Amino acid sequence: MTSLSFDIAHLLAGGLVLVSFMMLYQDRLSALINVYALHALVLTLSVAWQAQVQHAPHLYVTAAIALGFKAVVIPLVLHRIVRRLGIHRDIETVVGIGPTMLAGMGLVALSMVVILRITPEADPLAREDLSFALSVLLLGLLVMVTRRNAVSQVIGFMSLENGLILAATGARGMPLVVEISVAFSIVIAFIVIGIFLFRIRERFDTVDVGALDSFRGERR
Amino acid sequence: MIAIPFQPEIAVLVIPVVAAAVLAALPGYRIAARLNVLASLLTLLAALSLFVTKRPETGTYLFVDDLNIVFIVLNTFVGFTASLFSASYIAHELETGRLTPANLRFYHAMYQIMMFGMNLAFVANNIGLMWVAVELATLTTVMMVGIYRTHEALEAAWKYFLLGSVGIAFALFGTILVYLAARPHIGEGDDAMIWTLLVEHAAVFDPALLNLAFIFLMLGYGTKVGLAPLHAWLPDAHAEGPTPISAVLSGLLLNVALYAVLRFKILLAANPDAIGPGPLMMTLGLLSLIFAAFMLYRRRDIKRLFAYSSIEHMGIIVFAFGLGGPLANFAGLLHMVMHSLTKSAIFYAVGHVAQVKGTQRISELRGLTESHPALGWGLLVGVVAIAGLPPMGIFMSEFLIVSSTFAVQPLLAIPLVFGLLVAFGALLLRVTGIAFGEPTGSTAPAQASYVPLFAHLALVLAAGLYLPSALVGWFQHIAGILG
């Protein structure tokens with residue numbers, strides 16, 4: 001592999017981590033959705049580049065799914081939901097932005113240390129991709145735990161899935177079965193979520209999960 | 001006409017899918033419930049025929065070996081009895097208006113898709129396919145937990161969905177790591193995800209990668225097993241969904257995730273340089289056991305009580321498999337089967353009790369043996385069994401686990417026995433209040449089907465009294481595979 005193609009792969013995977021960081025400090029829902037679209041776009045570029053350098057044409061399919069479905073359709077639908085529910089107001093974050101960013105940096109450092117130590121013999125592209133992928137995964141998790149709004153939790157979950165796709169494409173020759181299934185699972189997940197949002201709306205007139213928390217635990 | 005050879009491992013997948021398609025289109029709920037039972041029965045028969053037909057050749061995607069036969073047969077059996085229970089349960093839900101006919105159509109179709117997902121997870125020979133199947137089974141149960149659309153049901157389903165997705169994401173990451181470990185030795189593509197090939201070559205894999213993979217897999221699938229501290233979804237999902245689903249969750253879905261953990265444990269054991277999976281499993285198992293045992297004391301909701309009891313028992317089972325060795329594995333396997341049968345029987349009883357009394361609150365359930373003798377005594381016997389009293393089967397498996405712990409790691413037997421005793425006390429304390437005393441609430445006769453309840457309890461009792469030597473030999477053989 002030439003050093004240029006390696007550098008570009010590195011750049012794109014690193015870009016995905018950066019966009020994950022951007023998600024952490026978005027305090028408006030519509031901005032968060034836009035950042036998610038950007039996230040999916042960077043993922044598309046990264047996957048397409050992997051398809052190019054690995055000579056693996058089937059990865060273009062994954063890239064196309066990422067572009068069409070995740071970068072375009074889902075953000076549009078989410079914007080629609082948000083508008084319809086009239087929740088353009090600020091997102092309430094459970095923890096402040098400062099501590100969240102610090103926690104995010106800690107998580108990235110953690111995943112670098114873990115993966116780079118463990119895989120000295122693996123091929124360099126795979127191991128760097130893997131460490132970036134784990135970072136994206138953990139940052140997605142962080143988005144999920146620091147938000148109280150159902151829509152932003154879903155976005156956190158979808159960015160986490162993007163990290164998984166990055167890992168799967170970084171693993172050279174990983175069977176297509178898995179990529180399709182990942183894309184498929186996102187579709188299913190989205191349907192589930194759609195139904196849930198619909199139902200939550202139907203019952204509570206809010207998608208703030210905090211409103212559900214009052215029913216936590218034992219019935220008294 | 002060409003005769004298509006009967007392949008049971010295909011049949012256990014095709015029957016549920018066809019049934020789901022038909023059920024989704026069928027408007028009448030009576031006929032749908034019957035068809036659900038029929039489809040589950042056919043699946044069970046197909047699973048049983050695995051014993052007599054020739055073992056199919058190991059394929060790229062599907063395979064059958066001694067380990068997964070146990071799981072498939074148990075799964076389809078409890079799936080069948082749960083469908084019987086469900087038929088009598090949902091009729092009542094429809095009368096009280098908690099569910100609409102449209103809900104029921106959805107419910108029955110989902111039930112069969114869930115059975116398909118679980119069976120697929122068992123017969124999958126490809127670790128990617130297994131992951132997809134576990135995820136499918138999870139998503140269908142999420143939908144069913146939320147089916148009542150109450151505040152509590154929605155919150156339970158949402159929590160289950162979020163925690164389950166995080167778990168499943170970790171499991172996929174672990175699966176990718178296993179592929180990366182296998183690729184240099186098996187080659188690129190499908191082959192490096194085939195479980196049977198992985199085990200053959202596991203000895204030369206990079207141990208560090210395997211270790212990391214197992215930690216992710218253990219956390220991911222462990223969330224599904226309901227191990228503390230990743231159990232938060234489990235009590236809510238059990239308490240707020242329809243009771244047939246609580247029975248299936250406890251009796252079957254937890255086993256599916258456990259099966260995935262066991263598969264990867266075997267993989268790790270085949271590599272001499274990788275960490276032993278035992279200590280991690282034993283720690284999580286003991287933690288779950290003791291945590292859940294104490295949580296049992298403060299439950300007010302009867303379904304939550306038994307949900308925590310499921311966490312406790314999954315802890316015991318994971319501990320036993322973590323301990324390893326022929327005896328502990330044998331005991332773990334036996335305990336898993338006994339727990340599935342007993343716990344689903346308890347939920348069958350609890351479901352009818354909650355319907356008759358119109359409440360799940362323990363404080364409002366009194367004197368059941370007087371007002372509803374069959375249900376009351378059935379529940380009492382079930383709880384006596386789950387608490388681990390002789391002569392029921394769980395006593396035997398717990399006894400074997402404790403004695404094998406004494407043989408291998410005597411010190412670990414102390415927290416184990418402590419946890420068992422604490423849980424025992426809590427369960428008996430609660431059940432005496434529910435079963436005896438002055439009856440409260442409605443005394444109207446229950447429209448219940450007692451067959452599934454007592455069939456399970458009879459099996460558990462029979463296993464406690466006498467285990468056929470063929471069964472013992474078979475389980476010992478599997479315990480040997482598990483290492």
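If you're matching them up, the sequences are chains A and B in order.
When you line the first sequence up against UniProt numbering, it's residues 1 to 220, in that order.
When you line the second sequence up against UniProt numbering, it's residues 1 to 483, in that order.
From the three backbone atoms N, C-alpha and C, an ideal C-beta is built for every residue, glycine too.
Predicted model, so just to flag it, every value in this text is computed and none were measured.
Asked, Found
"Cβ of D273 of chain B within 8 Å of any chain A Cβ", "no"
"Touch test, the segment 441–453 of chain B against the segment 322–332 of chain B, Cβ-Cβ under 8 Å, three pairs minimum", "no"
"Neighbour flag for V256 of chain B against chain A, beta carbons, 8 Å", "no"
"Through-space distance from F436 of chain B to S404 of chain B, alpha-carbon basis", "36 Å"
"DSSP-derived helix/strand/coil call for Q355 of chain B", "helix"
"F132 of chain A at chain B interface by Cβ criterion, 8 Å", "no"
"Complete runs of the alpha helix (DSSP H) confined to the segment 44–122 of chain B [at least 4 residues]", "66–95"
"M144 of chain B at chain A interface by Cβ criterion, 8 Å", "no"
"C-alpha gap between V177 of chain A and K159 of chain B, whole angstroms", "Since pLDDT at V177 of chain A reaches only 49, below the 50 mark, its modelled position is unreliable, and no value is offered."
"DSSP-derived helix/strand/coil call for L166 of chain A", "helix"
"C-alpha gap between E364 of chain B and G433 of chain B, whole angstroms", "10 Å"
"S88 of chain B at chain A interface by Cβ criterion, 8 Å", "no"
"Below-8 Å beta-carbon distance, E188 of chain B vs any chain A residue", "yes"
"Rounded straight-line distance, which links the Cα of Y89 of chain B to that of A33 of chain B", "10 Å"
"CB contact check: R172 of chain A to chain B, cutoff 8 Å", "yes"
"Under 7 Å from the C-beta of L172 of chain B: neighbouring residues of chain A", "L164"
"Beta-carbon separation (whole angstroms), V37 of chain B vs L84 of chain B, contact threshold 8 Å", "6 Å"
"Selection of the segment 141–156 of chain A by Cβ proximity to chain B, strictly under 8 Å", "L141, M144, A150 and Q153"
"Cα-Cα separation, G174 of chain B to A126 of chain A", "15 Å"
"C-alpha gap between A307 of chain B and A102 of chain B, whole angstroms", "28 Å"
"7 Å Cβ cut-off: residues of chain B touching L160 of chain A", "A169"
"Cβ-based burial, T100 of chain B [other Cβ within 10 Å; buried from 16]", "exposed"
"Proximal chain A residues relative to V166 of chain B, where beta-carbon distance stays under 7 Å", "L141"
"Buried or exposed by the 16-neighbour rule on C-beta atoms within 10 Å, applied to R216 of chain B", "Sequence check: residue 216 of chain B is Phe here, not Arg. Buried, because 16 or more other Cβ atoms sit within 10 Å of the Cβ of F216 of chain B."
"Close beta carbons around residue 538 of chain B, own chain, < 6 Å, minus the five adjacent residues each side", "With chain B running from 1 to 483 in the structure shown, residue 538 of chain B is simply not present."
"Local Cβ density within 10 Å of D301 of chain B, reported as buried at 16 or more and exposed below that", "buried"
"C-beta atoms of G79 of chain B and V145 of chain B nearer than 8 Å", "no"
"Where the segment 68–101 of chain B meets chain A: residues whose CB sits under 8 Å from a CB there", "none"
"Every unbroken alpha helix (DSSP H) inside the segment 152–216 of chain B [4 residues or more]", "195–201"
"8 Å Cβ cutoff, Y308 of chain B in contact with chain A", "no"
"Exposure label - residue 484 of chain B; buried when at least 16 CB within 10 Å", "Because residue 484 of chain B is not part of the residues shown, which for chain B are 1 to 483, the question remains open."
"Residue-level contact to chain B via CB, I81 of chain A, 8 Å cutoff", "no"
"Beta-carbon proximity check, A423 of chain B vs L296 of chain B, cutoff 8 Å", "yes"
"Residue from A:L78, A:L45, A:Q50 and A:Q52 with nearest C-alpha to A66 of chain A", "A:L45"
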